[in-house]
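Down below is the structure, laid out as structure tokens.
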Amino acid sequence: MTALRRLLACVLLAAASPALAGEPVRDCPLATASLGIESPLSDVLMHPQGRTALEAVASDLVSGFTRNFGGGDLPPGFANILSVGSLLEVRADGEALKGPLAARLAALPVDDAFTLARCARYDNDRPALPPADGRPQLLVFEKINGFRDNPSVDAARTRLTAIAKARGWQIVFTDRGGVMNETDLARFAVVVWNNVSGDALTVPQRAAFRAYIEQGGGFVGIHGSGGDPKWFWDWYADTLIGARFIGHPGRPQFQTATVHMVDARSGIGKGVAEAWPLLEEWYSFDRNPVDGGAVAVATIDEKDYQQIGYRGESLSMGYHPIAWRKAVGTGRAFYTAIGHRPENYDAPQAAALLANGIVWAMEAKGTKPHD
């Protein structure tokens, strides 16, 4: 294969020519589920009677909201990563409204038209992947139904392409959930979720991806892939990532903290300084992932910045991992919360941390990545 052809294969977006397309999706996770407090806000707002039901309980509950606010008429959008209950959390009368609201939502009919509408943000499109060329295989998944921060996604894509080129890997990008099938996943040593936000996989796709990981595949999650305020796939949030996002500072949003490398065994710290300052949007989580079996790779000093959210709430975790690794079945998962600021993908320490995390996850399938 010529150098030009190899370069083209590296940056090919597999989603450009889906092999299967056009069939309506009916097997999304909540396809026929009744509506309730924990339903995605977008699902309720797209129901023909949903807004009326919400406003009957509190006339101002969804004032200014649309079925996909933050994303226009189609995904991505914030309403896909909030539940109805999210609206109640910031209200003084929120607890009192839960019962009446739950009753009204449960009474709304779930017919076939509504199933198709709520499943429309998913896909069954199996992308036409470029032929494997014998090099270690890296799949970058970019289906985003929630919050899409284009600068972060684009900067991560550029960095991942550079990492693959430098190490001699074949890299494939796709935004099609249909790639999550046993046959296509089998060729890849690792799957990287590039700032994926919002529930993205149908029930069979979830099963295929979970089996791939638990049976020896590698996973790397970048920043927003662990940053949704509400999750609708418990295994992904609680097992694969191992902690749930609770917020980031808002006063101000970006602050400088010292990153400490604390994992001496995995090799993920190879070529990375033991301590380094970074200006970033620092995520906080509902638990320490180490308590669930993860190994902290990098931590941050909370004394360096203000852990105060947009509503004035404390986001302090005490011991604060910001990147970690864990075993999931016989597979490996690495997550780094660094990656909101596009500049950080070019920051030498952060770039090395990401590259090393991918190498570590790749080795779950016995792949020996080139140095």
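Under this note's numbering, residues 3 to 373 are what the sequence shown spells out, in order.
Cβ coordinates follow ideal geometry from the N, Cα and C atoms, glycine included.
Here the structure is a predicted model, which is why all the values come from computation and not from measurement.
Assign residue i to buried or exposed, taking buried as 16 or more other Cβ atoms, counted over all protein chains shown, within 10 Å of its Cβ.
i      : result
LYS232 : buried
ASN152 : exposed
ASP113 : exposed
VAL198 : buried
TYR321 : exposed
CYS121 : buried
PRO133 : exposed
SER318 : exposed
GLY148 : buried
ASP387 : Because the chain is modelled from 3 through 373, residue 387 falls outside the range shown and cannot be assessed.
VAL92  : exposed
SER65  : exposed
GLY269 : exposed
VAL361 : buried
Whole angstroms are fine: how far does the CA of residue j sit from the CA of residue i?
i      : j      : result
ASP62  : GLY311 : 24 Å
ILE224 : TYR285 : 12 Å
SER44  : GLU57  : 15 Å
GLY331 : VAL222 : 15 Å
GLN207 : ARG128 : 11 Å
ALA11  : ILE173 : Summary for ALA11: the model assigns pLDDT 36, below 50, so the residue's position carries little reliability; its value from the coordinates is reported in the next sentence. Rounded to whole angstroms, ALA11 to ILE173 spans 7 Å at the Cα level.
LEU14  : GLY87  : Its pLDDT being 32, under 50, LEU14 is placed unreliably in this model, and the coordinates cannot settle the point.
ASP236 : GLU144 : 20 Å
ALA335 : ALA245 : 13 Å
ALA104 : ALA209 : 30 Å
Could you give the residue range of the alpha helix (DSSP H) that holds residue i?
i      : result
ALA188 : 184 to 188
TRP362 : 350 to 364
TYR337 : Per DSSP, TYR337 belongs to no alpha helix (DSSP H); it is in the beta strand (DSSP E), 333 to 338.
THR117 : 114 to 121
ASN196 : Premise fails: ASN196 lies in the beta strand (DSSP E), 192 to 196, not in any alpha helix (DSSP H).
ALA55  : 52 to 59
VAL46  : 43 to 48
ILE83  : Run containing ILE83: none; DSSP gives neither H nor E here.
ARG106 : 96 to 108
Does the beta carbon of residue i fall short of 7 Å from some heavy atom of the ligand COA?
i      : result
LEU280 : No copy of the ligand COA occurs in the structure displayed, which carries no ligand at all.
Start and end of the beta strand (DSSP E) containing residue i?
i      : result
ASN260 : At residue 260 the sequence reads Thr, which differs from the Asn that was named. Element bounds for THR260: 257 to 263.
LEU90  : It is not in any beta strand (DSSP E) - LEU90 instead sits in the alpha helix (DSSP H) that spans 86 to 91.
PRO279 : 277 to 282
LEU131 : Premise fails: LEU131 is in no beta strand (DSSP E) and is neither H nor E.
LEU162 : Looking at the DSSP string, LEU162 is not in any beta strand (DSSP E); the run it does join, the alpha helix (DSSP H), is 152 to 169.
ALA374 : The structure shown has nothing for residue 374, since the chain only spans 3 to 373.
LEU140 : 139 to 143
HIS247 : Before going further, note that residue 247 is Phe rather than His in the sequence given. First-last of the beta strand (DSSP E) with PHE247: 247 to 249.
GLN172 : 172 to 176
VAL297 : 297 to 302
PHE221 : 220 to 224
Thinking just about the alpha-carbon of each residue, which of the options is nearest to the one in residue i?
i      : options                        : result
LYS367 : TYR124, ARG189, LEU89, VAL264  : ARG189
GLU276 : GLN309, ASP114, ALA352         : ALA352
GLN255 : GLY273, ASP230, HIS342         : HIS342
PRO279 : PRO350, GLY136, CYS30, GLY218  : PRO350
PHE247 : ARG106, ILE302, PHE287, LEU317 : PHE287
THR34  : LEU89, ILE83, VAL59, THR117    : THR117
ASN346 : CYS30, GLN257, GLY101          : GLN257
ASN82  : SER316, ARG212, GLY200         : GLY200
GLY249 : LEU99, LEU187, GLU315          : GLU315
ASP29  : GLN51, GLY79, ASN126           : ASN126
ALA119 : ALA357, PRO42, ASP303          : PRO42
Just checking: is the beta-carbon of residue i within a distance shorter than 8 Å of some beta-carbon in chain D?
i     : result
GLY79 : Checking the listed chains, one finds no chain D in this structure; it contains a single protein chain.
Residue i and residue j look like a contact to me (Cβ under 8 Å); what is the Cβ gap, rounded to whole Å?
i      : j      : result
ALA191 : MET364 : 4 Å
GLY179 : LEU203 : 5 Å
LYS328 : GLY295 : 6 Å
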